[in-house]
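Numbering (the working numbering), first residue to last: 1213 to 1664. Idealized CB from N, CA, C, for every residue including glycine.
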């Protein structure tokens, strides 16, 4: 923060940061949560038949399980890739260039999804993987900028506004996609146009950070390095960062907790549309309306939880949110097929905690990492939120494949929220923040156990 010259410039940089959230969140909503999660399995089923099997690397896969297995495979690859991206960003100081390069590659991949025909599951798989990998790498750099834009006492608020901007932006795009259903009767064409629109939206609004995010601080961990040497240093510093985590065990514990509970969150949101369509037999209008409800009421939920965190501390608010998540997973198991009102009620409850849990987790973690290594440590954070979030989709896919029940597969995800919550409750937040040389915000949770 000290490197940002004045209050007006801080506001400009924050606006650019919010704008990228507005632009890129369309990928999570329109592509991952709504259209690709249903379109790709349908395309795969068209290719092999309803009772057929896809053969990927010699393994037989049900068409309905393709999407969750693809998510798992991408996440395993990201576990190796993202720490190197983080170290590269810290050592070269090219965060703006990296953010926008990854962003535009991801946007181009989304735009090209309009060419995925009714049986082109291989093309669809390749384009989604490219978009997912670039989106996740961009997110490492995006998150690492947060400590430079907000002092500890403001970090929960700035992080929450960033998430809220993403929710509103992606909600507006999704509403436009929904309106398109009145003009495009062909569901496959509507899906392709909507996927393409997410890429165009992402690219268009990324012009704002491209224009104004020109004054990010230079690397503070030694001298700026040329790209070739920085890549080599990236691998070396990945090992150094992992070893360095031993000096910050409470930060490591938080990463483990986040890895576990976010795995549950990401899996629930990823499969929600497919669950509603295939298990609850809800129509397209109901599904899109519920997701729009989550997007726009989620905006208020994010800001509300951000204010709560300023008063009671992020840890307590996250813990309370995880209890709500547990209730949501259980409630979904008992939803009646075809009952739209029950589905809307669960969606409304979920909207209050969905974005806030993610925003507060990001701001809490940002206070637990050493200065000058933000991108490196946020690469580990993204591994927790994306790179190793393979267990949730894998558990869901295996349970579905072995039981044939979407309800049982969804209920199995409760283990992630329970275990993540129990680990989170053991963490002494002020001690974790001070251990990295940072100052706890006034709202930081005080330890309940003096021996922690």
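Return the chain-ordered list of same chain residues with a C-beta closer than 7 Å to the C-beta of residue 1332, the five sequence neighbours on each side being excluded.
Hits under 7 Å: 1255.
I'd like the list of long-range same chain contacts for residue 1487, defined as Cβ closer than 8 Å, with 5 residues on each side in sequence excluded.
So the list reads 1544, 1618, 1622, once near-sequence residues are dropped.
Looking at residue 1503 and residue 1245, is the spacing between their C-beta atoms short of 8 Å?
A contact, by the Cβ cut-off of 8 Å.
Could you tell me if residue 1218 is buried or exposed, where buried requires 16 or more neighbouring beta carbons within 10 angstroms of its beta carbon?
Its Cβ having fewer than 16 others within 10 Å, residue 1218 is exposed.
So, do the segment 1461-1477 and the segment 1560-1576 have three or more beta carbon pairs nearer to each other than 8 Å?
Result yes; three or more Cβ-Cβ pairs closer than 8 Å.
Do the segment 1522-1529 and the segment 1389-1396 make contact, defined as three or more Cβ pairs closer than 8 Å?
At 8 Å Cβ cutoff, the stretches do not touch.
Would you please state the rounded distance, in angstroms, between the beta carbons of residue 1286 and residue 1344? I believe it to be under 8 Å.
Indeed, because the Cβ distance is near 5 Å, the residues count as touching under 8 Å.
Using a 10 Å radius around the Cβ and a threshold of 16 neighbouring Cβ atoms, would you call residue 1383 buried or exposed?
Buried: at least 16 other Cβ atoms inside 10 Å.
Candidates 1341, 1580, 1326, 1378: which alpha carbon is nearest residue 1201's?
Here the chain has residues from 1213 to 1664 only, and residue 1201 is not among them.
Kindly identify the DSSP beta-bridge partner or partners of residue 1272.
Its beta-bridge partners are 1267.
Given a cut-off of 8 Å, decide if residue 1370 and residue 1358 are closer than it, judged by their beta-carbon atoms.
Cβ atoms of residue 1358 and residue 1370: closer than 8 Å.
Can you find at least 3 beta carbon pairs, one from the segment 1223-1238 and one from the segment 1411-1420, that sit closer than 8 Å?
Cβ pair count under 8 Å is three or more, so yes.
Mapping DSSP to helix, strand and coil, what is residue 1216?
A caution first: residue 1216 carries a pLDDT of 44, below 50, which makes its placement in the model unreliable, though a value can still be read off. Of the three classes helix, strand and coil, the one that applies to residue 1216 here is coil, per DSSP.
Comparing alpha-carbon positions, which option in 1410, 1372, 1269 lies nearest residue 1237?
Checking every option, the nearest Cα to that of residue 1237 belongs to 1410.
Taking its Cβ as the centre, do 16 or more other Cβ atoms sit within 10 Å of residue 1531, making it buried, or is it exposed?
The residue in question, residue 1531, is buried, as its Cβ has 16 or more Cβ neighbours within 10 Å.
For residue 1278, tell me which candidate among 1324, 1362, 1518, 1483 has the shortest Cα-Cα distance.
Comparing Cα-Cα distances from residue 1278 to each of 1324, 1362, 1518, 1483, the minimum goes to 1483.
Give me the Cα-Cα distance between residue 1558 and residue 1363, rounded to the nearest whole angstrom.
Whole-angstrom Cα-Cα distance: 35 Å.
Does DSSP put residue 1360 in a helix, a strand or coil?
Helix.
When we look at the beta-carbon of residue 1395 and count the other beta-carbons within 10 Å, is it buried (16 or more) or exposed?
Exposed, by the Cβ-count rule.
Please confirm whether residue 1224 and residue 1424 have their CB atoms less than 8 Å apart.
Against a cut-off of 8 Å, the Cβ pair of residue 1424 and residue 1224 comes out as a contact.
Mark residue 1462 as exposed unless 16 or more other C-beta atoms lie within 10 angstroms of its C-beta, in which case mark it buried.
With 16 or more other Cβ atoms within 10 Å, it is buried.
Rounded C-beta distance between residue 1506 and residue 1562? I'm assuming under 8 Å.
That pair is a contact at about 6 Å.
Would you mind sorting residue 1593 into buried or exposed? The rule is 16 or more other CB atoms within 10 Å of its CB.
Under this definition residue 1593 is a buried residue.
Drop a sphere of 10 angstroms on the beta-carbon of residue 1403, count the other beta-carbons inside from all chains shown, and report buried for 16 or more, exposed for fewer.
So residue 1403 counts as buried.
According to DSSP, is residue 1465 helix, strand or coil?
The answer is helix: DSSP assigns residue 1465 an H, G or I state.
So is residue 1435 buried or exposed if we call it buried at 16+ other beta carbons inside 10 Å?
Confidence is the limiting factor: at residue 1435 the pLDDT is only 47, short of 50, which leaves the residue's position unreliable and the question unanswerable from this model.
Given a cut-off of 8 Å, decide if residue 1346 and residue 1312 are closer than it, judged by their beta-carbon atoms.
No, Cβ-Cβ distance for residue 1312 and residue 1346 is not below 8 Å.
Using alpha carbons as the reference points, say which of 1624, 1281, 1511 lies closest to residue 1376.
The option with the nearest alpha carbon to residue 1376 is 1511.
In whole angstroms, what is the alpha-carbon distance linking residue 1329 and residue 1580?
Approximately 46 Å between the Cα atoms of the pair.
Taking the alpha-carbon positions, what's the residue 1646 to residue 1652 distance?
Their Cα atoms are separated by approximately 7 Å.
Please report the Cβ distance between residue 1323 and residue 1412, rounded to the nearest whole angstrom; I am assuming they are in contact, meaning their Cβ atoms lie under 8 Å.
Between residue 1412 and residue 1323 the Cβ distance is about 6 Å, and since that is below 8 Å, they are a contact.
If we ignore side chains and look at the alpha-carbon of each, how far apart do residue 1381 and residue 1452 end up?
So the alpha carbons of these two residues sit roughly 38 Å apart.
Could you tell me the alpha carbon to alpha carbon distance between residue 1509 and residue 1360, rounded to whole angstroms?
About 29 Å.
My assumption, with CB atoms under 8 Å, is that residue 1541 sits in contact with residue 1471. Please give the rounded CB distance.
Their Cβ separation, rounded to whole angstroms, is 18 Å, which puts residue 1541 and residue 1471 out of contact at 8 Å.
What are the complete alpha helix (DSSP H) segments, minimum 4 residues, inside the segment 1628-1658?
DSSP runs (the alpha helix (DSSP H)) wholly in the segment 1628-1658: 1641-1647.
Consult DSSP for residue 1600 and reduce its assignment to one of helix, strand or coil.
With a pLDDT of only 49 at residue 1600, under the threshold of 50, the placement of this residue in the model should not be trusted, and no figure is reported.
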